[in-house]
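Chains as they are written, first to last, in this note's numbering: chain A, 22 to 349; chain B, 213 to 535; chain C, 31 to 336.
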Amino acid sequence: MTPTVTLEVRDLSTHFHASGTTLKAVDGVSFSVARGKVLGLVGESGSGKTVTGFSIMRLVDPPGFIAGGSILFQGLDLARISNEEMRRLRGNRIAMIFQDPMMTLNPVLRVDTQMVETILAHESTSREEARQRARDALGMVGIPSPDERLRSYPHQFSGGMRQRVAIAIAMLHRPELIIADEPTTALDVTIQGQILAEVQKLTRQFGTSLIWISHDLSVVAALADEIAVMYAGRLVEQGEVGEVLDRPLHPYTKGLIDSVPSRNRRGAPLRQIQGMTPSLANLPSGCSFRTRCPRAAEICQQAPATREWLPGHTARCHRPHHLVEEPA
Amino acid sequence: MVSYLLNRILQAGLVMLVMSAIVFLGVFAIGNPVDILISPQATALQREEAIRALGLDLPVWHQYLNFLSNLLHGDLGRSFVFNVPALQLILERMPATLELAIAATLLALVAGIPLGLYAGLAPKSPVSSSIMAGSILGFSLPSFWVGIVLIMLFSVHLGWLPSSGRGDTAVWLGVRWSFLTVDGLAHMAMPVLNLALFQISMVIRLTRAGVREVILSDYVKFARAKGLRESRIIFVHILKNILIPVITVVGLNLGTVIAFAVVTETIFSWPGMGKLIIDSINILDRPVIVAYLMLMVLMFVIINLLVDLIYSVLDPRVRLGAR
Amino acid sequence: MAATSIRSIFGGRKGGEQTPFRRFVAEFAASKLAVLGLVVLSMIGLIAIFAPWLAPQNPYDLAQLDIMDGMLEPATTGGSGFTYWLGTDEQGRDMLSAIMYGLRISLFVGAGSAVLAFVVGATLGLVAAYFGGKTDALIMRWVDLQLSFPSILVALLILALLGRGVMNVVMALVIVEWAYYARTARAAALVERSREYVEAAQCLALPTRRIVFRHLLPNCLPPLIVIATMQVASAIALEATLSFLGLGVPVTEPSLGLLISNGYQYMLSGNYWISFYPGVALLVTIVAINLVGDHLRDVLNPRLKS
Numbered sequence: 022m023t024p025t026v027t028l029e030v031r032d033l034s035t036h037f038h039a040s041g042t043t044l045k046a047v048d049g050v051s052f053s054v055a056r057g058k059v060l061g062l063v064g065e066s067g068s069g070k071t072v073t074g075f076s077i078m079r080l081v082d083p084p085g086f087i088a089g090g091s092i093l094f095q096g097l098d099l100a101r102i103s104n105e106e107m108r109r110l111r112g113n114r115i116a117m118i119f120q121d122p123m124m125t126l127n128p129v130l131r132v133d134t135q136m137v138e139t140i141l142a143h144e145s146t147s148r149e150e151a152r153q154r155a156r157d158a159l160g161m162v163g164i165p166s167p168d169e170r171l172r173s174y175p176h177q178f179s180g181g182m183r184q185r186v187a188i189a190i191a192m193l194h195r196p197e198l199i200i201a202d203e204p205t206t207a208l209d210v211t212i213q214g215q216i217l218a219e220v221q222k223l224t225r226q227f228g229t230s231l232i233w234i235s236h237d238l239s240v241v242a243a244l245a246d247e248i249a250v251m252y253a254g255r256l257v258e259q260g261e262v263g264e265v266l267d268r269p270l271h272p273y274t275k276g277l278i279d280s281v282p283s284r285n286r287r288g289a290p291l292r293q294i295q296g297m298t299p300s301l302a303n304l305p306s307g308c309s310f311r312t313r314c315p316r317a318a319e320i321c322q323q324a325p326a327t328r329e330w331l332p333g334h335t336a337r338c339h340r341p342h343h344l345v346e347e348p349a
Numbered sequence: 213m214v215s216y217l218l219n220r221i222l223q224a225g226l227v228m229l230v231m232s233a234i235v236f237l238g239v240f241a242i243g244n245p246v247d248i249l250i251s252p253q254a255t256a257l258q259r260e261e262a263i264r265a266l267g268l269d270l271p272v273w274h275q276y277l278n279f280l281s282n283l284l285h286g287d288l289g290r291s292f293v294f295n296v297p298a299l300q301l302i303l304e305r306m307p308a309t310l311e312l313a314i315a316a317t318l319l320a321l322v323a324g325i326p327l328g329l330y331a332g333l334a335p336k337s338p339v340s341s342s343i344m345a346g347s348i349l350g351f352s353l354p355s356f357w358v359g360i361v362l363i364m365l366f367s368v369h370l371g372w373l374p375s376s377g378r379g380d381t382a383v384w385l386g387v388r389w390s391f392l393t394v395d396g397l398a399h400m401a402m403p404v405l406n407l408a409l410f411q412i413s414m415v416i417r418l419t420r421a422g423v424r425e426v427i428l429s430d431y432v433k434f435a436r437a438k439g440l441r442e443s444r445i446i447f448v449h450i451l452k453n454i455l456i457p458v459i460t461v462v463g464l465n466l467g468t469v470i471a472f473a474v475v476t477e478t479i480f481s482w483p484g485m486g487k488l489i490i491d492s493i494n495i496l497d498r499p500v501i502v503a504y505l506m507l508m509v510l511m512f513v514i515i516n517l518l519v520d521l522i523y524s525v526l527d528p529r530v531r532l533g534a535r
Numbered sequence: 031m032a033a034t035s036i037r038s039i040f041g042g043r044k045g046g047e048q049t050p051f052r053r054f055v056a057e058f059a060a061s062k063l064a065v066l067g068l069v070v071l072s073m074i075g076l077i078a079i080f081a082p083w084l085a086p087q088n089p090y091d092l093a094q095l096d097i098m099d100g101m102l103e104p105a106t107t108g109g110s111g112f113t114y115w116l117g118t119d120e121q122g123r124d125m126l127s128a129i130m131y132g133l134r135i136s137l138f139v140g141a142g143s144a145v146l147a148f149v150v151g152a153t154l155g156l157v158a159a160y161f162g163g164k165t166d167a168l169i170m171r172w173v174d175l176q177l178s179f180p181s182i183l184v185a186l187l188i189l190a191l192l193g194r195g196v197m198n199v200v201m202a203l204v205i206v207e208w209a210y211y212a213r214t215a216r217a218a219a220l221v222e223r224s225r226e227y228v229e230a231a232q233c234l235a236l237p238t239r240r241i242v243f244r245h246l247l248p249n250c251l252p253p254l255i256v257i258a259t260m261q262v263a264s265a266i267a268l269e270a271t272l273s274f275l276g277l278g279v280p281v282t283e284p285s286l287g288l289l290i291s292n293g294y295q296y297m298l299s300g301n302y303w304i305s306f307y308p309g310v311a312l313l314v315t316i317v318a319i320n321l322v323g324d325h326l327r328d329v330l331n332p333r334l335k336s
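1. Using the C-alpha atoms, what's the distance from residue 516(B) back to residue 215(B)?
2. Measure from the alpha carbon of residue 426(B) to the alpha carbon of each residue in 330(B), 405(B), 358(B), 453(B), then state which is nearest.
3. Compute the Euclidean distance between the alpha carbons of residue 101(A) and residue 63(C), then round it to the nearest angstrom.
4. Does the separation of the CB atoms of residue 28(A) and residue 198(A) fall below 8 Å?
5. Between which residues of its own chain and residue 256(C) is the CB-CB distance below 7 Å, once the five residues before and five after are set aside?
6. Using a 10 Å radius around the Cβ and a threshold of 16 neighbouring Cβ atoms, would you call residue 223(A) buried or exposed?
7. Counting only beta-carbon atoms, is residue 447(B) nearer than 8 Å to chain A?
8. Who are the near neighbours of residue 41(C) in its chain, counting only those whose CB is closer than 7 Å to its CB and skipping five residues on each side?
9. Look at the Cβ atom of residue 183(A), then the Cβ atom of residue 123(A), and state whether they are nearer than 8 Å.
10. Give the straight-line distance between the Cα atoms of residue 334(A) and residue 274(A), rounded to the nearest whole angstrom.
11. Using the Cβ count rule (16 or more neighbours within 10 Å means buried), how would you classify residue 18(A)?
12. If we cut at 8 Å on Cβ distances, does residue 294(B) have a partner in chain C?
13. Closer than 8 Å, Cβ to any Cβ of chain A: which residues of the stretch 322 to 335 of chain B, in chain order?
14. If we count Cβ pairs, one from each stretch, closer than 8 Å, do we get three or more for the stretch 390 to 410 of chain B versus the stretch 468 to 487 of chain B?
15. So, using beta-carbon positions, are residue 250(A) and residue 236(A) closer together than 8 Å?
16. For the stretch 393 to 401 of chain B against the stretch 67 to 87 of chain A, do three or more pairs of beta-carbon atoms, one drawn from each stretch, fall closer than 8 Å, so that the two count as touching?
17. Taking only beta-carbon atoms, is residue 476(B) less than 8 Å away from chain C?
18. Going by other Cβ atoms of all chains shown within 10 Å of its Cβ, with 16 needed for buried, is residue 260(A) buried or exposed?
19. Under a three-way DSSP split, which group does residue 499(B) fall into?
20. Quick one: residues in its chain with C-beta nearer than 8 Å to the C-beta of residue 84(A), no 5 flanking neighbours on either side, listed in chain order?
21. Which residues in chain B have a C-beta closer than 7 Å to the C-beta of residue 179(C)? List them in chain order.
22. Excluding the 5 residues flanking residue 327(A) on each side, which residues of the same chain have their C-beta closer than 6 Å to its C-beta?
23. Three-state secondary structure (DSSP) at residue 130(C)?
24. Pairs of beta-carbons, one from the stretch 130 to 146 of chain A and one from the stretch 86 to 100 of chain A, closer than 8 Å: are there three or more?
25. Output, in chain order, the set of chain B residues within a Cβ distance shorter than 8 Å of residue 182(C).
26. Are the C-beta atoms of residue 158(C) and some chain D residue less than 8 Å apart?
27. Within the 8 Å Cβ cut-off, does residue 305(C) reach chain B?
28. What residues in the stretch 368 to 396 of chain B bring their beta carbon closer than 9 Å to a beta carbon of chain C?
29. Look at the Cβ atom of residue 241(C), then the Cβ atom of residue 140(C), and state whether they are nearer than 8 Å.
30. Report, in whole angstroms, the separation of the C-beta atoms of residue 415(B) and residue 321(B), which I expect to be a contact under 8 Å.
31. So for residue 504(B), helix, strand or coil by DSSP?
32. On the three-pair Cβ rule with 8 Å, is the stretch 130 to 149 of chain C touching the stretch 262 to 277 of chain C?
33. To the nearest whole angstrom, what separates the beta carbons of residue 157(C) and residue 213(C), a pair I think is in contact under 8 Å?
34. Please list the terminal residues of the continuous beta strand (DSSP E) segment that includes residue 118(A).
35. Please report the straight-line C-alpha distance between residue 88(C) and residue 108(C), rounded to a whole angstrom.
36. To which residues does DSSP link residue 114(C) through a beta bridge?
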């Protein structure tokens, strides 16, 4: 275990028991995040990226449960520690930012209450001291007149401001790891840019590792060091962000990149991935992408293993782009 | 907002007018009021004098106007039985009923919220199933039946609690109250529980439904992600969100509790206005009946006005005058 | 009673196409508790209907009563050699027979008022939904107004004006209950009204009455049936309460509530059975109806959503 690795997830599986069947929302996922680095976790909705984030936080609601694998956070296996040990880590050394800022703050509690309680949950300090730190945290994320804002209720804030509050709460204890679950999706584009810049500044300043969960490749391209692509509960491709975006190996990754409209491809017909995301209840046998895959062949009826096709660049595919001939 | 408010007050006034007409027609037009108001031993001359004195020789619309004008002056006639103003008679009995109703409402909150909270947090436990089954019974069983069972158990069989009356009272703010003495509290125990049962069931359901909804919300999950202790999540983040609607609903139900006190007061011989109205109906003391009904209608009109105002404050669409 | 009417309505409507009805029966039978409730309810219904033939005694034929057998405890044999399994009241009336006759009146009042309120309420609700505008506003304003008062107060008001009597109680209950049906029927009909088949019927210039009753009503039935089941239970409870207060049925036709009320004065001296057993009969009836109604709601609801 090298000290520079903040989080190492090995073979993580999170299952849901629903009406007699077991759905594998996360199925044997492995990745790691180095200190101060940003991992972009990308996939369509329902691909299991959010469940992966919640599994690391041990906040999967029943009927979901972590079925196997390990989540090594600085050598400590989060899948094995007690609930109380996990609680002490949450919001303290591992923090999370949610998707919809309008829903994450409790509507009936003042902002200072919601910040101070986070400090007091992990440290025994005076209420005054905690309030002072909450005030500083609000100032740090660019909220004007923080003293006044502390006494406000969430509904007195705009969506962007609320997300800043949530980020300030996440940063209160200078965590080693932040999991951000599409925190800018619900915001306007200009606000999105501001939040991204803010997060980038803070993580660089404090050497925080970041898992940025998103379906938006352009955001991930701008922010992430590494990228991991999920499809139907599995990681299908992983590597350094420039490498993966320039030379996608998995046909699904290529499809995702091609379906982003961009200026370079003006006039050219937009491409799309055929078909629909399959339901977890009836995935195709073998490679779960094969029914939508333009490169599918007979071999794809057997499940592919994850293979390091290029240095530091893995894919779970029998017939990756650039490396295996196009079918005739 | 102001026009909405005026509109609602106008509507409330209209409701009062309609109800006064119904009560007037019901009590004074159906049946022969002379037979009720004047003793059968009176001579023909006396009858005629009385009829003129009471304005009964006037046309119906005129009589109704007289009734309305008396109503506006707070004059609802004199009780035939007690020979005192009907309104005064009712107001004398009101503290006993209010004491019962307020105690029952408080009991509903104190007992219902913890039970509903538990049932919402552990919906699959057998204890929760029993709580919910109990609340269905509390909803569907007639309260007089439960009252009788209570008396049978605690008064007849065990002999622990008195079955009727207010017991010893003490004076506070110029009014006699039972809750200030030990004996009074013992007399209150069963009636309060009996009256509260329906409300407890309702509070349990409201609280449980609220917990089930709030517990899935992002802000509760975010509170967990902040590493808060479970006790703080339950008692601050969840409970505070549920408390406001539950207390609002229960508070607005005070009128219903007062109306249902009719049953409880009859079972436990509690000398409040509910028992008075039942006695008055049985001995045809019509001025008292009219006074009680008009008072109840007034109370509910005010409560409904409050409900509308509270919703208009809570719902911005109403506040902006969309209606 | 209630259960048989549900069955006949469903059978009548879906008689031709057996599958939805069979699916309904299968879904209903899935809950053992609800089936138990239905069985108990059917038995209660049969007892009520055939009380004059089943009861050991006609409790209101004074010639059959023996005053010497007054206030006998349950399961004692009286002077005439007749065993009173549930005891007797102060007039020597067999409580078992009195309960059977009392059930008859309680169920008649409950079911009768539910049927009448169903007819009145559903009609007004459908009319409100179909015509909309001022008709709708007028009817629904009245419904809202009435539902803002507790049922006991409305019933009290009406009975204070009308005096006691079986038909007066039924009328009071109908006035209390119709608003629930009207609101439900209107809500369901508003959903149905926007469907194509109603527009098609209007294009064909079918008479309004035909559209409302032949097209709208059948599709609003499931929620109305659920309401009706629940309302039978609450009507029985309310009638019992009113009779207990002395405002309900007359002493010559005692329902369960009045039997309980009559026995109440003897209870404190330890003669519990005069009140207690009619109370048990009332409890069993109400719980059985609620078991059936609760499950009926679960079975009929998903179909409403889909």
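We treat Cβ as the ideally placed atom computed from N, Cα and C, and that holds for glycine. No experiment lies behind these values; they were computed from the predicted model shown.
By the coordinates alone:
1. 17 Å
2. 453(B)
3. 42 Å
4. yes
5. 323, 326, 327, 330
6. buried
7. no
8. With a pLDDT of 44 at residue 41(C), under the threshold of 50, the modelled position of this residue cannot be trusted; read the value that follows with caution. So the qualifying residues of the chain are 51.
9. yes
10. 13 Å
11. In the structure as shown, chain A begins at 22 and stops at 349. Residue 18(A) is therefore absent and cannot be evaluated.
12. no
13. none
14. yes
15. no
16. no
17. no
18. buried
19. helix
20. 37, 38, 39
21. 512
22. 335, 337
23. helix
24. no
25. 471, 472, 474, 475
26. Checking the listed chains, one finds no chain D in this structure; the protein chains it contains are A, B and C.
27. yes
28. 368, 369, 375, 376
29. no
30. 6 Å
31. helix
32. yes
33. About 13 Å; that fails the 8 Å criterion.
34. 115 to 118
35. 16 Å
36. 106(C)
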